[in-house]
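Under our numbering, residues 235 to 600 are what the sequence shown spells out, in order.
The beta-carbon is built from N, C-alpha and C at its ideal position, and this holds for glycine as well.
Notes follow once the structure below has been shown.
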Amino acid sequence: MSALAAEHGAVNLGQGFPDYAIDPALIDLVTAAMRAGHNQYPLSAGVMALREAIAAKVSRLYGHAYDPEREVTVTTGATQAIYTTIQALAHPGDEVILFEPAYDSYIPSIRLAGAAPVPLPLTLPEYRIDFAALAQAITPRTRVIMLNTPNNPGTSVLSGADRDALAAVTRDTPIIVMSDEVYEHMVFDGAAHMSLAGHPELAARSVVIGSFGKTFHATGWKVGYALAPPEITAEIRRVHQFTVFTVNSAVQHGLAAFLSDPSRYEALPTFFAQKRALLRELVAATPLTLLPSAGSYFQLARYDRISDEPAAAFAQRLVREVGVATIPLSAFYHDSTDHRVIRFCFAKRDETLLAAGERLARLRAA
Ligand SMILES: Cc1ncc(COP(=O)(O)O)c(C=O)c1O
235 MSALAAEHGA VNLGQGFPDY AIDPALIDLV TAAMRAGHNQ YPLSAGVMAL REAIAAKVSR
295 LYGHAYDPER EVTVTTGATQ AIYTTIQALA HPGDEVILFE PAYDSYIPSI RLAGAAPVPL
355 PLTLPEYRID FAALAQAITP RTRVIMLNTP NNPGTSVLSG ADRDALAAVT RDTPIIVMSD
415 EVYEHMVFDG AAHMSLAGHP ELAARSVVIG SFGKTFHATG WKVGYALAPP EITAEIRRVH
475 QFTVFTVNSA VQHGLAAFLS DPSRYEALPT FFAQKRALLR ELVAATPLTL LPSAGSYFQL
535 ARYDRISDEP AAAFAQRLVR EVGVATIPLS AFYHDSTDHR VIRFCFAKRD ETLLAAGERL
595 ARLRAA
């Protein structure tokens, strides 16, 4: 979709990355770290100052004190944390449950581990987990449940009741939960992010994954982390050691220093809520139908008042004829399930969103 967008000079609200500058203070801190000589292999598990800063942030926000020495591992973005977690925990003969629509690396990570993916649909229109269906899907072979809150592309967030339901479903089982929380600071309308780190029973059997690329608008830096109890972390680190071994040292030092000021992440919900409001206002003026967006930096819309064509065809036509790139939600299902929904990313400059809005205003109902 990005290639098609470039070809047609379309405004790209497809792929999930910001088009605005990152905080210059972060660039200065990384530059200073390079000049200070942090240019050689750091410890495999991550620079200790960054592991400590991550543990302090998580303890402050969610009340669980991870041990930087034995429970925090810095990774090459969340994608590597996901991949490494699955390679470490799932093996041939195991089943891994995931919810669709799902981030595109989940199923390949499971298959590369030789395990069997068990995709369950999130329930529409709010893209929530059906816990009765989850309980039914669990078998003696279930090794991992992968979840993602705030959800991409579903834009839903786990509630406190959902978290309790997850604890109940996995109680007295050997199942480990992998919780992808890369959009933890993009939760709207006064709701709190229900990290699995904040639920002691679940934290004891979970791998919680974060991403500084998402949090600090620097997706190209690829630094993330995995938090897990010592015995799970030990397994993750065995795989980590021989996949990437370690992660960019200067960026780790820069991030550690940057994290000392909590306002740098506390301001994010307000920042993104404004972007969401602008995009929703622009889309509301068209025949597209907005779905709720409780979290993440995405907004979903239906186009049933415009056409009944498949989402992939509609999204391609939107690029060619209107000049706006989105992603069809069917791309996030293993079998291309198509509910005729497209995804917009609103992590963009206001000018970009306004330019997309101007173009979308050309849309006419059928
Ligand atoms: C749900 C989800 N998990 C993980 C990632 C990847 O994060 P990173 O860039 O830190 O690897 C993304 C990026 O789009 C995502 O949407």
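Less than 7 Å between the CB of residue i and some heavy atom of ligand 1, yes or no?
i	result
residue 509	no
residue 297	no
residue 246	no
residue 478	no
residue 482	no
residue 313	yes
residue 447	yes
residue 453	yes
residue 414	yes
residue 250	yes
residue 458	yes
residue 337	yes
residue 386	yes
residue 382	yes
Once the 5 residues before and after residue i are set aside, which same chain residues still bring their CB inside 7 Å of it?
i	result
residue 491	263
residue 554	242
residue 419	449, 499, 502 and 503
residue 478	310 and 314
residue 296	429, 431 and 432
residue 518	524
residue 373	329
residue 520	594, 595 and 597
Would you kindly check if the distance between the Cβ of residue j and the Cβ of residue i is under 8 Å?
i	j	result
residue 279	residue 484	no
residue 369	residue 416	no
residue 331	residue 379	yes
residue 421	residue 442	no
residue 350	residue 320	no
residue 550	residue 580	no
residue 247	residue 509	no
residue 439	residue 470	no
residue 474	residue 313	no
residue 488	residue 386	no
residue 575	residue 536	yes
residue 461	residue 292	yes
residue 384	residue 529	yes
residue 396	residue 363	yes
residue 286	residue 567	no
residue 587	residue 522	no
residue 423	residue 382	no
residue 300	residue 283	no
Suppose the cutoff is 8 Å on Cβ atoms and the five residues either side in sequence are ignored; what does the same chain contact list for residue i look like?
i	result
residue 274	483
residue 377	323, 324, 325, 328, 329, 330, 349, 408, 409 and 410
residue 557	242, 243, 244, 245 and 593
residue 584	509 and 512
Which residues mark the beginning and the end of the beta strand (DSSP E) in which residue i is found?
i	result
residue 342	Where residue 342 is concerned, there is no enclosing beta strand (DSSP E), although the alpha helix (DSSP H) it sits in stretches over 340-346.
residue 534	532-536
residue 459	458-461
Could you tell me whether any Cβ in chain B is nearer than 8 Å to the Cβ of residue i?
i	result
residue 416	Note that chain B does not occur in the displayed structure, where there is just one protein chain.
From which residue to which residue does the alpha helix (DSSP H) around residue i run?
i	result
residue 483	483-492
residue 186	With the chain covering only 235 through 600, there is no way to say anything about residue 186.
residue 236	236-241
residue 468	464-477
Who are the near neighbours of residue i in its chain, counting only those whose CB is closer than 6 Å to its CB and skipping five residues on each side?
i	result
residue 252	451 and 581
residue 480	275, 276 and 278
Cβ of residue i within 7 Å of any heavy atom in ligand 2?
i	result
residue 558	You won't find ligand 2 in this model; what it holds is ligand 1.
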